[in-house]
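*Asks:* Under this note's numbering, think of the first position of the sequence shown as 2, with each following residue one higher. Ideal Cβ placement from N, Cα and C applies to all residues, glycine included.
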Amino acid sequence: MNGLFALGSNGSGQLGIGHKEDVSVPKQVELVGEAPEEDIIQIAAGGNHTIILTGTGRAYWAGDSSSGACGIVENVEDGEVSKFQEVVLSTSGRLGPIAHIACTWDSSVFARKDGNGKVTQVYTCGVADIGAAGTNPDPPSLKKPSLLNNFPPSGTEVTSLAAGFRHVVAVLNNGDVYGWGNDRKGQLGELDDTADSKGVIRQPRKINGIDFKVAKAVCCQYATCVISEPGDGRILVLGADKWGLKSSAPIEIPNWNMISASWGGIYILQRNGMLVAWGRDDHGQLPPPGLPELESISAGSEHVLALTKDGDVLSWGWGEHGNCGPQTEKFGDVKGRWNVLASVKHLPEGSQITAIGAGCATSWINITTDGLFL
């Protein structure tokens, strides 16, 4: 993990760089205890906390744990930690490796493998009002990690997780999608009697009305986008149509390779390295003209990171906390252009940028050299 670098919003220590000041250039993250030798494969970020996942299924957290979103936390003053430490979801028994992670504003979701290597155990932790830990009706205990009962359905397993501001969706290996949390805008499908008076769904509920098997789902602030397998690429957007998220969505993008979402935009990377996007653009969130071929993308709340085929990490959008680098316009915008946050051209020979991530005004870059961490 010594190869993970972060920049951006850091008022609660969520960058894990040893202090609580925002930074606009990548800084190496720090860890409490021994650093794992395996690579970082996923970064999930809430409003003021971050969860990172390694290739062997270990998760680490930094930032504000006061909501309970960082698992079982003890002996932490004011609930905030500015160095990453391992996530603890249970103090009894050994749990299987974590396969997928996702974060709402103040909760986290972990999908773990069972004894047979199937991803059939979903743990949630965080505050009660989002329905993220809805298996337990007692609000104080909702902050503790909780295993969702009877989910996923027997014979299925979770293939991916995604989360918006206050809702979560899980894609299963049979192409079904389930969701829970805030459904007031229809981001989890049509409201029915499974939701409470505030429009919150407390238990995972199948999202009906999708006429294709879903390969991947992503979440905006109040919307959800699902897409079918590459080669088919049918698209459906649920929830609020603010910024044209629904009305501007293409019917299909068959040659898609990767999909991501900000709070107000949806980004689909095609196999040819070109990026298709629609949604909010008041801070330059949509792709600037002239982008080179891209290898991967990651959308944060209001900004985007992209790794080019040539090994440059680009960023554009709303960078008011330094998350798009030091060169910004008025209001912190990087609009109609991009900044280069890192490049393999400036790293030691044999270096690779193996992962990028974007959260709530936070940016993440993982770098290895000859297979070893820097």
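Looking only at its chain, what residues have a beta carbon closer than 8 angstroms to the beta carbon of residue 12, apart from the 5 residues adjacent to it on each side?
*Replies:* Taken in chain order, the residues that qualify are 21, 23, 49.
*Asks:* Given residue 176, which residues of its chain have a CB within under 7 angstroms of its CB, disregarding the five upstream and five downstream residues?
*Replies:* These residues qualify, in order along the chain: 214, 215.
*Asks:* Just to confirm before moving on: does the CB-CB distance between residue 39 and residue 18 stay below 8 angstroms?
*Replies:* No, Cβ-Cβ distance for residue 39 and residue 18 is not below 8 angstroms.
*Asks:* Is DSSP giving residue 128 helix, strand or coil here?
*Replies:* Correct three-state label for residue 128: coil.
*Asks:* Tell me whether residue 94 is buried or exposed, calling it buried when 16 or more other Cβ atoms sit within 10 Å of its Cβ.
*Replies:* Its Cβ having fewer than 16 others within 10 Å, residue 94 is exposed.
*Asks:* Can you tell me whether residue 78 is helix, strand or coil according to DSSP?
*Replies:* Reduced to three states, the DSSP call for residue 78 is helix.
*Asks:* Beta-carbon within less than 7 angstroms of residue 339's beta-carbon, same chain only, minus the 5 sequence neighbours each way: which residues are those?
*Replies:* Same-chain partners within the cutoff: 289, 315, 316, 317.
*Asks:* Pair every Cβ in the segment 279-289 with every Cβ in the segment 327-347, then say whether three or more of these pairs are closer than 8 angstroms.
*Replies:* They touch, by the three-pair rule.
*Asks:* Measuring CB atoms only, is the segment 141-161 touching the segment 183-203, in the sense that at least three cross pairs come out at less than 8 angstroms?
*Replies:* Touching, no.
*Asks:* Quick one: what's residue 254 bridged to in DSSP?
*Replies:* Looking at the DSSP assignment, residue 254 forms no beta bridge with any residue, so it has no partner.
*Asks:* Which two residues bound the contiguous beta strand (DSSP E) that contains residue 111?
*Replies:* Counting along the chain, the beta strand (DSSP E) containing residue 111 begins and ends at 108-114.
*Asks:* So, using beta-carbon positions, are residue 274 and residue 294 closer together than 8 angstroms?
*Replies:* Yes, the pair counts as a contact, with Cβ atoms nearer than the cut-off.
*Asks:* How is the beta strand (DSSP E) around residue 45 delimited, first residue to last?
*Replies:* Here the beta strand (DSSP E) through residue 45 covers 41-46.
*Asks:* Opposite residue 85 in the DSSP bridges: which residues?
*Replies:* In DSSP, residue 85 forms a bridge with 32.
*Asks:* Buried or exposed: which applies to residue 172, given that a residue is buried once 16 or more other Cβ atoms fall within 10 Å of its Cβ?
*Replies:* The residue is buried, with at least 16 neighbouring Cβ atoms inside 10 Å.
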